[in-house]
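Student:
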Amino acid sequence: MTVRNDEVATLLEEFADLLEAKDVEYKPRAYRLAAENVRDYPESVADLAREEGESGVSEINRVGDAIAAKIVEYVESGEIAELEELREELPVEMGALTGIEGVGPKTVGRLYEALGVRTLEDIESAARAGEIQAVKGFGPKTEQNILEGVAFARQSTRRQLLSDAYPLSRSLLEYFEGVEAVERCETAGSLRRWKPTIGDVDVLAASDDGEAVVDAFREWEETDELIEAGTSKASVRAKGVRVDLRVVVPEEFGAALQYFTGSKDHNIALRNYAIERDMKINEYGVFDVSAIEDADAGQRVGELVASESEAAMYGALDLPWIPPEIRENRGEIAAAADGDLPDLVAEADVRGDLHTHTDASDGRETIEGMAAAAAERGYDYLAVTDHATGPGVVGGVGLDDEELLTHAERVREAAADADVALFSGVEANITADGELSVSDDVLAELDCVVASPHAALDGDGTDRLVRAVEHPAVDVLGHPTGRQLNRRAGLDVDFERLATAAADAGTALEVNANPNRLDLRGGAVGIVVEHGATVAVNTDAHAPTSLDYVTYGVHTARRGWAESADVLNARDADGVRAFLE
DNA sequence: GCCGTTTTCGGCCCGACTGTTTTCAGTCG
Numbered sequence: 032m033t034v035r036n037d038e039v040a041t042l043l044e045e046f047a048d049l050l051e052a053k054d055v056e057y058k059p060r061a062y063r064l065a066a067e068n069v070r071d072y073p074e075s076v077a078d079l080a081r082e083e084g085e086s087g088v089s090e091i092n093r094v095g096d097a098i099a100a101k102i103v104e105y106v107e108s109g110e111i112a113e114l115e116e117l118r119e120e121l122p123v124e125m126g127a128l129t130g131i132e133g134v135g136p137k138t139v140g141r142l143y144e145a146l147g148v149r150t151l152e153d154i155e156s157a158a159r160a161g162e163i164q165a166v167k168g169f170g171p172k173t174e175q176n177i178l179e180g181v182a183f184a185r186q187s188t189r190r191q192l193l194s195d196a197y198p199l200s201r202s203l204l205e206y207f208e209g210v211e212a213v214e215r216c217e218t219a220g221s222l223r224r225w226k227p228t229i230g231d232v233d234v235l236a237a238s239d240d241g242e243a244v245v246d247a248f249r250e251w252e253e254t255d256e257l258i259e260a261g262t263s264k265a266s267v268r269a270k271g272v273r274v275d276l277r278v279v280v281p282e283e284f285g286a287a288l289q290y291f292t293g294s295k296d297h298n299i300a301l302r303n304y305a306i307e308r309d310m311k312i313n314e315y316g317v318f319d320v321s322a323i324e325d326a327d328a329g330q331r332v333g334e335l336v337a338s339e340s341e342a343a344m345y346g347a348l349d350l351p352w353i354p355p356e357i358r359e360n361r362g363e364i365a366a367a368a369d370g371d372l373p374d375l376v377a378e379a380d381v382r383g384d385l386h387t388h389t390d391a392s393d394g395r396e397t398i399e400g401m402a403a404a405a406a407e408r409g410y411d412y413l414a415v416t417d418h419a420t421g422p423g424v425v426g427g428v429g430l431d432d433e434e435l436l437t438h439a440e441r442v443r444e445a446a447a448d449a450d451v452a453l454f455s456g457v458e459a460n461i462t463a464d465g466e467l468s469v470s471d472d473v474l475a476e477l478d479c480v481v482a483s484p485h486a487a488l489d490g491d492g493t494d495r496l497v498r499a500v501e502h503p504a505v506d507v508l509g510h511p512t513g514r515q516l517n518r519r520a521g522l523d524v525d526f527e528r529l530a531t532a533a534a535d536a537g538t539a540l541e542v543n544a545n546p547n548r549l550d551l552r553g554g555a556v557g558i559v560v561e562h563g564a565t566v567a568v569n570t571d572a573h574a575p576t577s578l579d580y581v582t583y584g585v586h587t588a589r590r591g592w593a594e595s596a597d598v599l600n601a602r603d604a605d606g607v608r609a610f611l612e
């Protein structure tokens with residue numbers, strides 16, 4: 032059994048919550064920090080535990096001897112004795128209960144002590160019975176808020192996909208354009224960094240009249256429910272997504288935008304970079320504190336150097352502006368200081384799509400319709416890669432060998448009248464052993480062969496995927512891990528090995544831009560690019576509108592530091608033809 | 001429980017908001 036990093040991290044977070052509920056000091060924070068670093072650790076922590084034991088695991092940042100021992104214990108035995116004891120002492124469904132807005136570990140602990148509340152059902156019936164407001168420290172408002180929060184917590188434990196959060200943020204920004212009190216506004220937070228899933232939407236507005244902006248926010252047509260509102264910040268629920276607004280004065284907009292975009296790790300590293308240069312950076316600006324004795328004496332201590340724009344904020348530290356997608360403290364500050372920031376691929380660089388479907392398999396549009404949609408986007412070419420039959424794709428959806436050849440002929444006929452170059456192709460299935468579901472002589476007849484895993488999507492997939500990229504007919508490895516956000520984790524993959532094999536074989540690795548997939552993810556793109564392999568940003572579109580997903584794919588590739596030269600479909604048609612041959 | 005050009009013990013980010021509290025605790029980002 033493989034133990035995933037996020038599984039270990041979740042256990043450590045439960046540890047933290049249980050300790051916090053018991054009013055233990057400082058340890059909860061230690062467990063949470065360790066959990067974050069375990070979750071972000073680039074390799075399998077379980078493998079590390081098995082191969083190098085406690086000393087290896089304690090090499091992870093913020094993981095010391097005690098937590099390392101617990102991780103090893105979990106990997107070896109499947110449980111942690113001390114966590115089991117804590118669970119017995121406080122037998123509550125911690126994750127579910129803290130999912131209620133406004134309910135944290137301490138509240139859970141107190142309600143368990145006072146009322147024996149263990150589950151969402153318990154807390155709901157206690158609230159209905161009026162028992163909660165009778166507990167010291169709780170009142171009718173809190174009880175009512177819990178009651179309202181329970182219903183939402185039941186259905187919404189998931190993180191939002193970009194395809195939910197991004198359009199919502201655009202809608203709010205457009206609305207604010209018409210609000211007089213708003214001078215400027217911008218998305219911040221993980222959405223601006225284009226993380227594949229979003230906890231909530233953060234929007235920042237510049238105004239000298241915070242109350243007017245908050246009032247307008249409350250009247251936004253998408254607002255379903257007000258969560259809280261003050262004079263400088265407010266939160267609402269809109270289409271099931273939490274939207275947080277902050278209002279700052281225009282002079283400090285850049286500082287606030289930088290601060291609230293994060294990531295937290297990037298900001299900590301940047302703060303330290305500033306301190307080393309006798310500067311101080313926070314959400315109000317960059318300050319020169321070289322002449323100040325106590326730089327911690329206040330929020331705006333020292334001589335203000337920059338605050339109005341983000342570029343000026345970085346410029347005050349002698350750094351070029353760093354694109355939000357790479358603000359993850361993965362070396363971007365050093366690269367910026369050295370003048371080595373990548374020239375990231377842009378959406379306008381994309382010249383075509385190499386993984387699309389038509390009504391010949393499970394798409395909803397004809398070859399001609401998809402070609403017209405590609406032309407309308409200004410593309411130079413489109414590959415028609417309908418499903419082949421095979422593991423994970425049933426006959427009736429996928430095409431067999433004979434149907435593939437007929438379909439390729441129809442693509443060639445359509446190409447004569449199309450305003451873009453058309454490549455005939457297929458999305459073949461990769462079997463559990465790494466073989467393809469289409470015969471070699473059929474593959475040889477097609478311009479563009481995408482090979483993707485559609486079945487047996489768990490366990491280590493490296494051997495199988497390496498075999499597929501080394502197949503001479505394969506041009507693109509489609510959605511390599513097969514993950515689906517909020518649904519399944521997909522294959523475990525040694526991306527270094529896969530990237531090396533792909534670079535040697537001249538096969539591109541896909542960033543599938545479908546917002547349910549985003550596979551490869553940004554971190555994997557970084558490894559792929561570093562090892563010299565080529566990336567293809569494809570939408571896997573099953574209808575013309577899905578070609579728009581390219582936005583999500585490009586920003587995911589940018590999270591992996593991909594430049595235009597790394598991206599196959601940023602080349603012109605001849606360049607792509609040369610690669611496919 | 002973790003960590004150290006504040007280094008082996010003594011600290012651990014912090015401000016806004018809400019609700020309950022008569023001066024503050026819990027949650028959230």
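Plus 31 on top of the position in the first sequence (first one is 1) and you've got the numbering used here. Glycine included, each C-beta is placed from N, C-alpha and C at the ideal position. Values in this document were obtained by computation on a predicted structure and should not be read as measured data.
Between the alpha carbons of E242 and T218, how many angstroms are there, rounded?
Tutor: In the first sequence, the residue the question calls residue 242 occupies position 211. In the first sequence, the residue the question calls residue 218 occupies position 187. Taking the straight line from one Cα to the other gives about 19 Å.
Student: List the whole-angstrom C-beta distance separating A99 from E85, where the pair is believed to meet the contact cut-off of C-beta under 8 Å.
Tutor: Counting from 1 along the first sequence, the entry for residue 99 is found at position 68. Counting from 1 along the first sequence, the entry for residue 85 is found at position 54. With 8 Å as the limit, A99 and E85 qualify as a contact, their Cβ atoms being about 4 Å apart.
Student: In chain order, what residues of the same chain have a beta carbon less than 6 Å from the beta carbon of A486, not counting five sequence neighbours either side?
Tutor: In the first sequence, the residue the question calls residue 486 occupies position 455. For A486, where only same-chain residues beyond five positions count, the Cβ hits under 6 Å are P422 and G423.
Student: Considering just the uninterrupted stretch of the beta strand (DSSP E) at L385, what are its terminal residues?
Tutor: Against the first sequence, residue 385 aligns to sequence position 354. Note, L385: beta strand (DSSP E), G383 to T387.
Student: Exposed or buried, A47, counting other C-beta atoms within 10 Å across all chains shown (16 or more means buried)?
Tutor: Mapped onto the first sequence, residue 47 falls at position 16. The residue is buried, with at least 16 neighbouring Cβ atoms inside 10 Å.
Student: If we count the other Cβ atoms within 10 Å of its Cβ and call it buried at 16 or more, is P546 buried or exposed?
Tutor: Here residue 546 is taken as the residue at index 515 of the first sequence, counted from 1. Burial call: buried.
Student: Suppose contacts are defined by Cβ-Cβ distances below 9 Å. Is I461 in contact with R408 by that definition?
Tutor: On the first sequence, residue 461 is found 430 positions in, with the first residue counted as 1. On the first sequence, residue 408 is found 377 positions in, with the first residue counted as 1. No, the pair does not count as a contact, with Cβ atoms beyond the cut-off.
Student: By a C-beta neighbour count over all protein chains shown, 10 Å radius and 16 as the cutoff for buried, is I306 buried or exposed?
Tutor: As a first step, residue 306 is located in the first sequence; it is residue number 275 there, counting from the start. Burial call: exposed.
Student: Should R201 be labelled buried (16 or more other beta-carbon atoms within 10 Å of its own) or exposed?
Tutor: Against the first sequence, residue 201 aligns to sequence position 170. Exposed, because fewer than 16 other Cβ atoms sit within 10 Å of the Cβ of R201.
Student: Would A19 pass as a contact of A402 if the rule is Cβ separation under 9 Å?
Tutor: Here the chain comprises residues numbered 32 to 612, so residue 19 is not present and cannot be evaluated.
Student: Who pairs with A459 in a beta bridge, going by DSSP?
Tutor: As a position in the first sequence, residue 459 is number 428, starting the count at 1. Paired residue(s): A482.
Student: Does the segment 465–483 come close enough to the segment 432–442 to have 3 or more Cβ pairs within less than 8 Å?
Tutor: Touching, yes, given that three or more Cβ pairs across the two stretches are closer than 8 Å.
Student: Can you give me the start and stop residues for the alpha helix (DSSP H) that S86 sits inside?
Tutor: Counting from 1 along the first sequence, the entry for residue 86 is found at position 55. Where S86 is concerned, the enclosing alpha helix (DSSP H) stretches over V76 to V88.
Student: Thinking C-beta only, is A286 closer than 9 Å to N303?
Tutor: As a working note, residue 303 is residue 272 in the first sequence. As a working note, residue 286 is residue 255 in the first sequence. Not in contact: N303 and A286 (Cβ atoms no closer than 9 Å).
Student: Use the C-beta contact count for I131: other C-beta atoms within 10 angstroms, 16 or more gives buried, fewer gives exposed.
Tutor: The residue you call residue 131 lines up with position 100 of the first sequence. Under this definition I131 is a buried residue.
Student: Locate the alpha helix (DSSP H) running through F318, then write down its first and last residues.
Tutor: Your numbering for residue 318 matches position 287 in the first sequence. Segment G316 to D319 is the beta strand (DSSP E) holding F318; no alpha helix (DSSP H) there.
Student: Starting from Y57 and walking both ways along the alpha helix (DSSP H), at which residues does that stretch end?
Tutor: Here residue 57 refers to the residue found at position 26 when the first sequence is read from its first residue. Taken as a continuous stretch (DSSP letters only), Y57 belongs to no alpha helix (DSSP H), as it is neither H nor E.
Student: In angstroms, rounded to a whole number, what distance separates the CA positions of R118 and L49?
Tutor: Translated into positions along the first sequence, residue 118 becomes position 87. Translated into positions along the first sequence, residue 49 becomes position 18. Roughly 8 Å between the two C-alpha positions.
Student: Please state whether the Cβ-Cβ distance between V244 and S238 is less than 9 Å.
Tutor: For the purposes of this step, residue 244 is taken as the residue at position 213 of the first sequence. For the purposes of this step, residue 238 is taken as the residue at position 207 of the first sequence. Yes; because the gap between Cβ atoms is below 9 Å, this pair is in contact.
Student: Fully enclosed by the segment 374–425, which alpha helix (DSSP H) runs are 4 residues long or longer?
Tutor: 398–407, all fully within the segment 374–425.
Student: Which stretch, first to last residue, makes up the beta strand (DSSP E) that contains T254?
Tutor: Here residue 254 refers to the residue found at position 223 when the first sequence is read from its first residue. Unbroken beta strand (DSSP E) run through T254: T254 to A260.
Student: Mind the definition here: the segment 577–584 touches the segment 357–371 only if three or more C-beta pairs lie below 8 Å; say whether that holds.
Tutor: Because the criterion of three Cβ pairs below 8 Å is not met, the segment 577–584 and the segment 357–371 do not touch.
Student: In the structure shown, what three-state DSSP assignment does A567 receive?
Tutor: One-based indexing of the first sequence puts residue 567 at position 536. Note: A567 maps to strand in three-state DSSP.
Student: What three-state label does DSSP hand T228 in the structure shown?
Tutor: Taking the first sequence and counting its residues from 1, the one referred to as residue 228 is at position 197. DSSP places T228 in strand when its eight states are reduced to three.
Student: Thinking C-alpha only, which one of Q175, H573 and V598 is nearest D393?
Tutor: Taking the first sequence and counting its residues from 1, the one referred to as residue 393 is at position 362. For the residues Q175, H573 and V598, the minimum Cα distance to D393 belongs to H573.
Student: Around the Cβ of I229, are there at least 16 other Cβ atoms within 10 angstroms (buried) or fewer (exposed)?
Tutor: Reading the first sequence from its first residue, position 198 is the one you call residue 229. Result: buried.
Student: Provide the residue span of the alpha helix (DSSP H) that contains I102, from first to last.
Tutor: Locating residue 102 in the first sequence gives position 71, counting from the first residue. It spans D96 to S108 - the alpha helix (DSSP H) in which I102 sits, taken as one unbroken run.
Student: Assuming H386 and A414 form a contact by the criterion Cβ under 8 Å, report the distance between their Cβ atoms to the nearest whole angstrom.
Tutor: Counting from 1 along the first sequence, the entry for residue 386 is found at position 355. Counting from 1 along the first sequence, the entry for residue 414 is found at position 383. With 8 Å as the limit, H386 and A414 qualify as a contact, their Cβ atoms being about 7 Å apart.
Student: Do R382 and V607 have their C-beta atoms within less than 9 Å of each other?
Tutor: To locate residue 382, count along the first sequence from 1; it is residue 351. To locate residue 607, count along the first sequence from 1; it is residue 576. Going by C-beta atoms, R382 is nearer than 9 Å to V607.
Student: If you draw a straight line from the C-alpha of L540 to the C-alpha of G563, how long is it?
Tutor: Here residue 540 is taken as the residue at index 509 of the first sequence, counted from 1. Here residue 563 is taken as the residue at index 532 of the first sequence, counted from 1. Each residue's Cα considered, the two are about 11 Å apart.
Student: Could you tell me the boundaries of the alpha helix (DSSP H) in which I312 lies?
Tutor: Position 281 of the first sequence, counted from the start, is the residue given in the question as residue 312. Premise fails: I312 lies in the beta strand (DSSP E), M310 to N313, not in any alpha helix (DSSP H).
Student: Could you check what DSSP says for L549 in three-state terms: helix, strand or coil?
Tutor: Within the first sequence, the letter at position 518 stands for residue 549. Looking at L549 - three-state DSSP - the assignment turns out to be coil, as it is neither helix nor strand.
Student: Is the separation between the beta-carbon of K270 and that of L348 shorter than 9 Å?
Tutor: Translated into the one-based positions of the first sequence, residue 270 becomes position 239. Translated into the one-based positions of the first sequence, residue 348 becomes position 317. No, the Cβ-Cβ distance between K270 and L348 is not below 9 Å.
Student: Can the beta-carbon of E561 be found less than 9 Å from the beta-carbon of A536?
Tutor: Within the first sequence, residue 561 is the residue found at index 530, counting from 1. Within the first sequence, residue 536 is the residue found at index 505, counting from 1. No, Cβ-Cβ distance for E561 and A536 is not below 9 Å.
Student: If you run the structure through DSSP and keep just helix, strand and coil, what is L436?
Tutor: Here residue 436 refers to the residue found at position 405 of the first sequence. In the structure shown, L436 sits in a helix (DSSP, three-state: H, G or I).
Student: Please name the residue, chosen from D605, E440, F454 and V505, that lies closest to G465 on a Cα-to-Cα basis.
Tutor: In the first sequence, the residue the question calls residue 465 occupies position 434. Cα-wise, what sits closest to G465 is V505.
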